[in-house]
Amino acid sequence: MSPIPDNAAADIASGPTPGVTMAEPVDGPVSTGMSIDATTGPKSRADSLRTMIGRIPIVDVSPAVGCGRWPARAVVGEAVTIGATLFREGHDAVNANVVLLDPTGRPGPFTPMTLVGQGTDRWEATVTASSPGNWSFVIEAWGDPYATWHHNAEVKLAAGQDISLELAEGALLLEQSAAGPGAASASLLRAAAATLADTSLPPEARLAPAIADDVVTVMTTAPLREHVTASDRYGLWVDRERGLFSSWYEFFPRSEGAHRNARTGE
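Residues 2 to 267 in the working numbering are what the sequence shown spells out, letter by letter.
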């Protein structure tokens with residue numbers, strides 16, 4: 002097994018459940034869980050990060066040149082695949098995203114990572130830089146409370162077990178999540194939470210709205226995150242598009258060598 006690198010620990014935002022923070026939607030301002038404040042904007046990395054081993058190991062990050070000593074290279078508009086191996090103890094769901102930082106150090110929207118193949122711990126995402134300069138990226142791994150709850154509730158229901166505890170837990174999760182997304186999404190989540198809490202309905206009817214496709218979409222684009230662990234910051238030098246195929250040559254006087262004068266013979 003590869004050694005676990007030093008990770009930057011995440012500052013977890015305070016909320017109804019300690020250790021759980023809300024990520025912003027993919028197309029909105031990023032809440033990286035480590036260097037962004039939802040109200041005041043980017044913080045100093047010195048103020049928000051400290052070097053330590055995170056809760057979720059992140060190893061074998063790519064692209065990484067010389068174990069991250071030097072930046073990987075790309076050009077403007079090129080799709081760059083970011084990959085990492087990550088895992089956690091126990092059976093709870095794990096998830097991840099990439100935060101791409103521009104040459105000024107300002108992070109953009111987080112890009113969700115996807116699991117590569119079944120039975121692997123390898124995750125990947127594709128990012129694109131919009132201008133030349135010294136970009137960088139950070140991978141964030143985190144526990145996914147909603148995915149864990151979703152799986153457990155479905156498995157127990159299919160097995161004919163009592164899921165009253167799972168239904169109550171799901172209502173709390175959706176109510177907590179409703180504090181983050183926009184008004185339409187918040188209304189959807191609160192309606193699903195109310196159905197989960199309605200004891201007059203059978204378990205199947207209570208669970209169905211909370212695991213419907215529209216709710217899953219909201220919980221994927223604006224997920225609840227716990228135990229957020231950030232990787233080291235990896236460089237990505239982005240050149241202009243011609244850097245992908247053009248060549249440059251330098252002229253040195255000594256490269257010309259000696260020339261004989263045809264008239265004098267010197």
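Using N, Cα and C, we set each Cβ at its ideal position, and we do this for glycine too.
Check                                                                                                                    : Outcome
Reduced DSSP category for V229 - H, G, I as helix; E, B as strand; rest coil                                             : strand
Close-in-space but distant-in-sequence residues of the same chain around D122 (CB under 7 Å, 5 per side omitted)         : T86, L87 and F88
Collapsed DSSP secondary structure at I83 in the structure displayed                                                     : strand
Residues sharing a beta bridge with L102, DSSP                                                                           : P108 and S137
Secondary structure of M244, DSSP reduced to three states                                                                : Here the sequence assigns Gly to residue 244, which means Met is not the residue at that position. Helix, per DSSP.
D240 vs A65 beta-carbon contact at 9 Å                                                                                   : no
R107 versus N153 - alpha carbon distance                                                                                 : 38 Å
Limits of the unbroken beta strand (DSSP E) element including A75                                                        : A73 to V76
R243 vs N96 beta-carbon contact at 9 Å                                                                                   : no
Coarse secondary structure for L202, derived from DSSP in three states                                                   : coil
Distance CB(L189)-CB(V216) smaller than 9 Å                                                                              : yes
Buried or exposed (CB count within 10 angstroms, at least 16 for buried), T196                                           : buried
Residue span of the alpha helix (DSSP H) that contains T221, given as start and end                                      : D214 to T222
Cut-off 7 Å between Cβ atoms - residues of its own chain near L173, not counting five sequence neighbours on either side : none
Pair within 9 Å by beta-carbon distance, M102 and S132                                                                   : The sequence shown places Leu at residue 102, rather than the Met named in the question. Their beta carbons are not under 9 Å apart, which means L102 does not touch S132 by this criterion.
Counterpart residues of G236 in DSSP-defined beta bridges                                                                : S137
CA-to-CA distance, T218 to T61, given in whole angstroms                                                                 : Just to set this straight, residue 61 is Asp in the shown sequence, not Thr. Near 29 Å, if we compare the C-alpha coordinates of T218 and D61.
Nearest neighbour of V159, chosen from Q119, A194, L208 and A130 [CA to CA]                                              : For the record, residue 159 in the displayed sequence is Ala; it is not Val. Of the listed residues, the one whose Cα sits closest to A159 is L208.
Proximity below 9 Å, CB of A223 to CB of P210                                                                            : no
Backbone CA spacing between N135 and G69 [nearest angstrom]                                                              : 14 Å
For V77 and E170, the rounded distance between their alpha carbons                                                       : 45 Å
Cβ-based burial, E205 [other Cβ within 10 Å; buried from 16]                                                             : exposed
Rounded straight-line distance, which links the Cα of W143 to that of T127                                               : 19 Å
Entirely enclosed alpha helix (DSSP H) segments - the stretch 137-203, minimum 4 residues                                : 146-159, 165-178 and 184-197
Where the beta strand (DSSP E) through E1 begins and ends                                                                : Lying before the first or after the last residue shown, residue 1 is absent from the chain, which here runs from 2 to 267.
V60, enclosing beta strand (DSSP E) - first and last residue                                                             : I59 to S63
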